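S.K.: Could you have a look at this structure, given as structure tokens, before my questions?
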Amino acid sequence: MMALSLLLGHLSFQYIENPTRTGLNKVSVPKASFAVVLSLLGTYAVAAIIKESHFTGRLAPDIDVIAAEVTNSNPLRDRCLAHKSRGEPVGCTYGATPGENSHLGAIVLGDSHAASVVRAVERALPQDHLYVLDWTMSGCGMIRGIQAKSDWDYACADFIENTLARSADLPSDVPLLIVSRYAQYVRGETDAATAPEYYIQKPYAERTKAFYEEMSQGIVATACAFAQQRPVFMLRPIPEMPVNVPQHMSRSLLFGGSLARVGIPLSVYNERQAQVRAAQDQAAAQCGVKLLEVTNTFCDEETCWGDKQGRPIYYDDDHLSEYGADFLAPEFSRIFEQVNWGQNER
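Mind the numbering: the sequence shown is residues 231 to 576 in our numbering, read in order.
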């Protein structure tokens, strides 16, 4: 059905919407209204014909598998991911039901990138009586004191302080994993020469050395604050792809006849993530934060890829799908190697 949606969208745009939009600029309002009605009827007719002809059965099954990765994310994501204007975590849990016979196995803290891997952390739990606590907030970089110039109710800084306070009341042997799309807050959505949206002390007109130092120090300070309370792990930055991976791959196969992979040069990844990785290295040296690598899983010697064996590992351009996140299971397993559950209850 996902492939069918792509096909209908393409046909509608190519043969109905685009010609209609061009033609409407040249006709009167009554005629334009009539044309719109006809275009809607045409779209309905195409859909009905395809449905009655069982057209989906004639598409290659792998197209549907690729296209369906768009929806392969945590089904509880929207409920459990705190909005960026909310300073409190929702606090969803996954795994064993919290109670007398269960233990908190790990805390996952971060933005939507953390939300995209939290269920994979759950699946990496070594024992059935353990559960994962979800502390994630949309658009919240894990940098203490972070503010946004264009968002007056941006509550990320409050979110971090509130989770830090809650963490102090939880058993100290429970490890915490920090996952964040730091490059978005440090470098921007892309590397375009625009003024930084995020800051800590004061807004910057450009990304100066002082700006990078302030943001890097914020990354380190945040990780080390949590490391005073418990073992802390940080996931290295997840590679950001240039396009929506499942959409691009499925469309290339559907309309081009061959599968077009999506990737970015490893050198581009390393350059964009340089400040972030350096800050993570500093946190490791300064307060014992342990780092979980991603490039050995998603990159070869030259390229970071958006798929594994022809199946997308992202549900868009930068969030790992459930399928993709599970490839990090060996790294996530490291979180639990030296934990003695319940030995250090507060």
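Built from N, CA and C at the ideal position, the CB exists for glycine as well. Nothing here was measured: the structure is a model prediction, and the numbers come from that model.
Secondary structure at GLN512, three-state DSSP: helix, strand or coil?
M.R.: Note: GLN512 maps to helix in three-state DSSP.
S.K.: Distance check for SER402 and GLU575, CA to CA, integer angstroms please.
M.R.: Note that GLU575 has pLDDT 49, beneath the 50 cutoff, so the model's placement of it is unreliable and the number below is only indicative. Each residue's Cα considered, the two are about 7 Å apart.
S.K.: Measuring CA to CA, which of ASP381, GLN512, VAL404 is closest to ALA336?
M.R.: Here the closest residue by C-alpha is VAL404.
S.K.: By Cβ distance below 6 Å, which residues in the same chain neighbour ASP388 in space, the five residues on each side in sequence not counted?
M.R.: Closer than 6 Å at Cβ, skipping near neighbours: GLY317.
S.K.: Provide the residue span of the alpha helix (DSSP H) that contains THR393, from first to last.
M.R.: Taken as a continuous stretch (DSSP letters only), the alpha helix (DSSP H) holding THR393 covers 386–397.
S.K.: Can you tell me the Cα-Cα spacing of ALA312 and VAL347, whole angstroms?
M.R.: Taking the straight line from one Cα to the other gives about 16 Å.
S.K.: If you reduce the DSSP assignment to three classes, tell me which class MET464 lands in.
M.R.: Strand.
S.K.: Is it the case that the region 448–468 contacts the region 482–489, given that we only count it when at least three CB pairs across the two stretches are under 8 Å?
M.R.: Contact between the region 482–489 and the region 448–468 is absent, because fewer than three Cβ pairs lie under 8 Å.
S.K.: Quick check on DSSP: helix, strand or coil for TYR434?
M.R.: It is coil, neither helix nor strand.
S.K.: Could you pull out every residue in the same chain whose Cβ sits closer than 6 Å to the Cβ of MET372, ignoring the five residues on either side in sequence?
M.R.: Counting only Cβ-Cβ distances below 6 Å, and skipping sequence neighbours, we find GLY340, ILE408, SER410, THR452.
S.K.: With DSSP as the reference, please indicate the residues paired to CYS529 in a beta bridge.
M.R.: Per DSSP, CYS534.
S.K.: Within the same chain, show all residues whose beta-carbon is closer than 6 Å to that of LYS379, passing over the 5 residues directly before and after it, in chain order.
M.R.: Correct list, in chain order: GLU427, PRO433.
S.K.: Flag this pair as yes or no: are the beta carbons of THR525 and ARG466 separated by less than 8 Å?
M.R.: Yes, the Cβ-Cβ distance between THR525 and ARG466 is below 8 Å.
S.K.: Using beta-carbon positions only, say whether LEU360 and HIS333 come within less than 8 Å of one another.
M.R.: Yes, Cβ-Cβ distance for LEU360 and HIS333 is below 8 Å.
S.K.: Comparing alpha-carbon positions, which option in ALA350, VAL351, GLY321, SER488 lies nearest THR366?
M.R.: Per the Cα distances, GLY321.
S.K.: Grouping DSSP H, G and I as helix and E and B as strand, with all else coil, what is ILE408?
M.R.: The answer is strand: DSSP assigns ILE408 an E or B state.
S.K.: Just grab the DSSP bridge partners of CYS322 for me.
M.R.: According to DSSP, which records beta bridges pairwise, CYS322 is partnered with ASP364.
S.K.: Any idea which residues DSSP pairs LYS520 with across the strands?
M.R.: PHE463.
S.K.: Three or more C-beta pairs closer than 8 Å, one from the region 487–501 and one from the region 436–450: is that the case here?
M.R.: Segments in contact, no.
S.K.: Tell me whether TYR553 sits in a helix, a strand or coil according to DSSP, three-state version.
M.R.: The answer is helix: DSSP assigns TYR553 an H, G or I state.
S.K.: Decide yes or no for the touch test of the region 502–512 against the region 526–546: beta carbon pairs closer than 8 Å, at least 3 of them.
M.R.: In short, these stretches do not touch, since the Cβ pair count stays below three.
S.K.: I need the DSSP call for ALA350, collapsed to helix, strand or coil.
M.R.: DSSP places ALA350 in helix when its eight states are reduced to three.
S.K.: ALA457 to VAL416, Cα distance in whole Å?
M.R.: Going by the C-alpha atoms only, they are around 22 Å apart.
S.K.: Leaving out five residues before and five after ALA580 in sequence, what residues of the same chain have Cβ atoms less than 7 Å from its Cβ?
M.R.: Outside the shown range of the chain, which is 231 to 576, sits residue 580, and nothing can be said about it.
S.K.: Rounded to a whole number of angstroms, what is the C-alpha to C-alpha distance between ILE376 and ILE468?
M.R.: Taking the straight line joining both Cα atoms gives about 21 Å.
S.K.: Flag this pair as yes or no: are the beta carbons of PRO495 and ILE296 separated by less than 8 Å?
M.R.: No.
S.K.: Under the assumption that ARG349 contacts TYR324 (Cβ atoms under 8 Å), give the Cβ distance between them as a whole number of angstroms.
M.R.: Indeed they touch by this definition, with Cβ atoms about 6 Å apart.
S.K.: Quick check: the Cα distance between VAL351 and ASP364, rounded to an integer number of angstroms?
M.R.: The alpha-carbon atoms of VAL351 and ASP364 are separated by roughly 10 Å.
S.K.: Out of curiosity, what's the CA-to-CA distance linking ARG491 and MET479?
M.R.: Roughly 6 Å between the two C-alpha positions.
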